[in-house]
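Below is one structure; the comments refer to it alone.
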Amino acid sequence: MERSTQAQPAPRETFSRRTVIAVLTIYLSPWTATSSQAQQGANTMNHYATQKSINDAVEGGGLLVVAQWEAKPGEADRIAAILDRFLPDAQREDGVKLFLISRGKDNPAQFLFYELFRDEAAFKAHQESAHFKTYIAGQALPLLAKRERAQYGLL
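For the sequence shown, the positions run 47 to 201 when my numbering is used.
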């Protein structure tokens, strides 16, 4: 068997519709929080999944933003409570096609965001929204040890 010596093209930052649907099928597990206070008022992603199908969300493409957070020691439950208040407003934004947040099962200090916006303008409007400025910029970001984001286009 011969091994190709040709350079491989750089990976494209795009996802196929099938990949997005497969990831979301796995991803649509309930939002969980470990503190009893957060659990009493916590929303689940299941309610969102019944309101909009995955096919509806990915129809027509859009801008996909994937973010990963890690809380500073002792701050994970505070972040979960902030996100619980933030999430319903984010999901109702006009340009948001899909907005999901999960918390790590093995490491509850880790959070994963999967956000699909209609376009770049909708993402910009999201970042300018009152709920983003209040909950994310004002309350959650100071509690983070790490924050990474990447943008992708759907195929």
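Idealized CB from N, CA, C, for every residue including glycine. These figures come from a predicted structure and were not determined experimentally.
Limits of the unbroken alpha helix (DSSP H) element including residue i
i: residue 136; result: 122-137
i: residue 173; result: 166-174
i: residue 103; result: 100-104
First and last residue of the uninterrupted beta strand (DSSP E) at residue i
i: residue 143; result: 142-149
Beta-ladder partner(s) of residue i, from DSSP
i: residue 117; result: 190
i: residue 160; result: 112 and 146
Cβ separation of residue i and residue j, assumed to be a contact under 8 angstroms, to the nearest whole Å
i: residue 129; j: residue 157; result: 7 angstroms
i: residue 142; j: residue 195; result: 16 angstroms between Cβ atoms; not a contact.
i: residue 149; j: residue 176; result: The pair is not a contact, with the Cβ atoms about 24 angstroms apart (cut-off 8 angstroms).
Residue j beta carbon less than 9 angstroms from that of residue i
i: residue 116; j: residue 193; result: yes
i: residue 113; j: residue 172; result: no
i: residue 140; j: residue 168; result: yes
i: residue 124; j: residue 181; result: no
Option in the options with minimal Cα separation from residue i
i: residue 145; options: 188, 189, 190 and 104; result: 104
i: residue 199; options: 100, 109, 102 and 101; result: 109
i: residue 186; options: 107, 138 and 155; result: 155
i: residue 201; options: 123, 162, 131 and 188; result: 162
i: residue 190; options: 120, 101, 150 and 102; result: 120
i: residue 197; options: 124, 118, 131 and 159; result: 159
i: residue 188; options: 152, 118, 147 and 151; result: 118
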